[in-house]
Amino acid sequence: MAAVLLDGRATAAKLLEEVKADAARFAQEQGRRARLAIVLVGEDPASQVYVRRITRSCGEAGLEAAAFPLPATSTAAEVIGQITALNAAPEVDGILLQLPLPPGLPTDQIVSAINPEKDVDGVTPTQAGRLLLGQPALLPNTPAGGMALLEAYAIPLAGAEAVVVGRSAIVGKPLALLLLAAHATVTICHTRTRDLGSVTRRADILAVAAGRAGLVTGAMIKPGAVVLDFGVNSTPNGIVGDVEAESAREVAGYLTPVPGGTGPMTTVMLLRNTLTAARLRLAG
Ligand code: NAP
32 MAAVLLDGRA TAAKLLEEVK ADAARFAQEQ GRRARLAIVL VGEDPASQVY
82 VRRITRSCGE AGLEAAAFPL PATSTAAEVI GQITALNAAP EVDGILLQLP
132 LPPGLPTDQI VSAINPEKDV DGVTPTQAGR LLLGQPALLP NTPAGGMALL
182 EAYAIPLAGA EAVVVGRSAI VGKPLALLLL AAHATVTICH TRTRDLGSVT
232 RRADILAVAA GRAGLVTGAM IKPGAVVLDF GVNSTPNGIV GDVEAESARE
282 VAGYLTPVPG GTGPMTTVML LRNTLTAARL RLAG
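Right, dumping it as structure tokens:
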């Protein structure tokens, strides 16, 4: 039987209605809209598309977005200078630093310059540490979106065998921590994992964030498993995920389409985080 598609577009649209209502309440309480600042270093076309999409979504939801583009030749001091100015700006509620940065820039140092209270993608050591310790945190949007999608489809997680392929700071690791917090038994795979298929075939919940088109095939999936595909890979046939959709569809119980699965959830989580950050900061 073909897998049920986990419809990220429809789920995100529903969540966006809640965000819109909350953004309107915020604007009424504060006499201004919540504001997101997006720092974009360099001219990476995919990042530019993403920034335009975020800006449009903010507008639709009743938040303000302002982009702060910097040339790819910027020094670390220049990027940190921009972030420091946004940290100090009282009307800026959230700062999104578009990653990856151009090669040569010290990502850790630059990320650490973001005021954790405005860190709406959960990338600073403070927010990442809170997530690790199980404290309330501003969560990274992509894994938070994946969790929200599982919740929307009432997928049971407690006691489930979860396998995450990928250990990046922005997707794989935080997702593994969120699944752990939801009482799943979690395994994290990466490029040194021996026999990836033997691990992924154990998974009731399989999340793939490797950035490798078609890495996971149907033969690597346990029949009936819930498969979250975070991959966004540009191919001559268009955008595809990390999971080979055709073969996976025949085996999985649930599967996120690419596009239209985890991607739209990321954006709506970012808007929600911006409102959360704004409220927390203003409450002091
Ligand atoms: P990343 O920083 O490149 O990390 C990729 C991870 O996958 C690494 O941990 C790597 O292992 C692992 N990996 C790569 N090839 C592998 C293989 N053959 N077998 C096992 N593990 C392998 O990427 P990322 O930023 O996490 O992004 C992952 C994917 O998600 C990309 O396609 C990206 O475009 C997409 N993404 C989607 C969204 C969304 O909203 N849906 C948001 C962000 C990113 P090592 O650590 O051993 O190198």
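In my numbering, the protein residues as written are 32 to 315. C-beta: ideal position from N, C-alpha, C; glycine also. If you're wondering where the values come from, they're calculated on a predicted model, not measured in any experiment.
Taking a C-beta distance under 8 Å as the contact criterion, residue 99 and residue 120 do not qualify as a contact pair. Under the DSSP assignment, residue 85 falls in the alpha helix (DSSP H) whose first and last residues are 76-92. Ranked by Cα distance from residue 194, the first of 183, 174, 177, 216 is 216. Cβ neighbours of residue 101 within its own chain (closer than 8 Å, five residues either side excluded): 70, 71, 72, 73, 109, 110, 113. Residue range 95-101 is occupied by the beta strand (DSSP E) that includes residue 95. By the beta-carbon neighbour count (other beta carbons within 10 angstroms, threshold 16), residue 62 is exposed. For residue 217, the shortest separation between its Cβ and any heavy atom of the ligand NAP does not lie below 7 Å. Residues of the same chain with a CB within less than 6 Å of the CB of residue 237, apart from the 5 flanking positions on each side, are 194, 231, 256, 258 in chain order.
DSSP links residue 264 through a beta bridge to 271. When secondary structure is reduced to three states using DSSP, residue 289 falls in the coil class, being assigned neither helix nor strand. Secondary structure within the region 121-180: the beta strand (DSSP E) runs of 3 or more consecutive residues, fully enclosed, are 125-128 (chain order).
The Cβ neighbour count for residue 156, taken over all protein chains shown within 10 Å, is under 16; the residue is labelled exposed. Distance from the C-beta of residue 261 to the nearest heavy atom of the ligand NAP is below 7 Å. By the C-beta criterion, the region 163-180 is judged to be in contact with the region 292-300, since at least 3 inter-stretch pairs fall below 8 Å.
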